[in-house]
Amino acid sequence: MASGRCARWRRRGALVASTMAVVALVSSCSSSSSGGSGTPSGGSTGAAGSTSSGSNFSLVNPGYLTVANYGTINPFEIDENDGSLGGLEGMLFNGFAKAHNLKVKVINTAFASMILDVQQKKADVASFVYYSADRAKQLYYTASFVKITAGVFTKQSFDYSGPDSLKGVKVGVVTGQLWQAALQKALGGNLVLFQTQTEAAQALLNGQISAYINGQDELYTPPLSTHESEIAYHPLKAGDLGMTNEMLENTAYNAVSCSNTGLAKALDDYLTDLHQSGTWTSYLRGKGQGLINLPTSYDVTPTAPTQYCG
């Protein structure tokens, strides 16, 4: 799961994120790819400010849907070798682009940079972002597309009996995730911040930290997925380490600029069509290239959260 992306907890959040701060990372490398398949929705457009499903939306690069992404979070976001975006997000964005006669341009960056790219109009949409009221003042959210639960990753050899087991040991988290402030208060100087999920997971495997907090979906993503027999996952509950249920049960969204709400509505229309046709559920059950059959606990009805901008 993984934030603040990464605010996966983000992934996000939690991925992703903390406050819009969602914050923290950097790096930027872009590549282009053309769209894939999906259930079409709305009209077609190849230029900035065109109309889709009755809504106007602008594009940073006319003819392209520019997606800011912060790395592979299998099966949600997959950086393909050809520079395209795979996984569930790939199904969504590539299908949407094809339906609107667009191509997809992917900007690979860090979580905090991804948010800034959208705010500064370097990208049209930030992928896989968790919700917080503070961040909703900075970005306009699309409808939800999946739900993920967070917990603690340790080595199998680590004697974990609950959150108190983490006192006095180094615990990793990705900068900008929703729970960063709560964990800093609970763990103090023992909390270690990492720029990316990969760095945090590798630090756990290397013994630099004793535990790593992120979304359960991190189990599907290297390097943890390639060391599954060495890793134990321990669910957290509301109140553990000062974390709230909102932080632990994260619903994933995408997000656009507050001045480009028409794009969010067009993406929502497309996702709703996929959901109503059963196509999105089939993706969640692993029917698609590179997808995984996820438990039904990941399912969520597409719903936009409370917005504070736009």
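Take any residue in the sequence shown, count from 1 to its spot, add 1410: that is its number in our numbering.
Don't be surprised by glycine CBs; every beta carbon is placed ideally from N, CA and C.
Query                                                                                                                                                        : Result
Can the beta-carbon of H1644 be found closer than 8 angstroms to that of Y1570?                                                                              : yes
What does the alpha-carbon distance come out to for the pair L1704 and P1573?                                                                                : 27 angstroms
Using only the alpha-carbon positions, how far apart do V1528 and Y1540 sit?                                                                                 : 15 angstroms
Is DSSP giving L1704 helix, strand or coil here?                                                                                                             : coil
Considering only residues of the same chain and omitting the five flanking positions on each side of A1621, which have a CB-CB separation below 6 angstroms? : V1562, T1564, L1576, V1581
Is T1711 helix, strand or coil by DSSP?                                                                                                                      : coil
From this set, P1712, T1689, G1700, T1711, which residue's C-alpha is nearest N1491's C-alpha?                                                               : G1700
Pick helix, strand or coil for K1515, following the three-state DSSP scheme.                                                                                 : strand
Would the stretch 1682–1700 and the stretch 1641–1659 be scored as touching if the rule is three or more Cβ pairs under 8 angstroms?                         : no
Return helix, strand or coil for I1525, following the three-state DSSP convention.                                                                           : helix
Which whole-angstrom value is the C-beta distance of N1518 and N1479, which I expect to be below 8 angstroms?                                                : 6 angstroms
Flag this pair as yes or no: are the beta carbons of I1623 and L1593 separated by less than 8 angstroms?                                                     : yes
Sort D1544, Q1566, V1535 by Cα distance to Y1663 and report the nearest one.                                                                                 : V1535
Just mark Q1548 as buried or exposed, buried being the case when its beta carbon has 16 or more other beta carbons within 10 Å.                              : buried
Tell me the rounded alpha-carbon separation between T1608 and P1632.                                                                                         : 7 angstroms
Using CA coordinates, which residue listed in Q1612, E1499, I1702 is at the minimum distance from T1476?                                                     : E1499
Please classify S1667: is it buried, with 16 or more other beta-carbons within 10 angstroms of its beta-carbon, or exposed?                                  : buried
Does G1496 pass the burial test, meaning 16 or more other C-beta atoms within 10 Å, or should it be called exposed?                                          : buried
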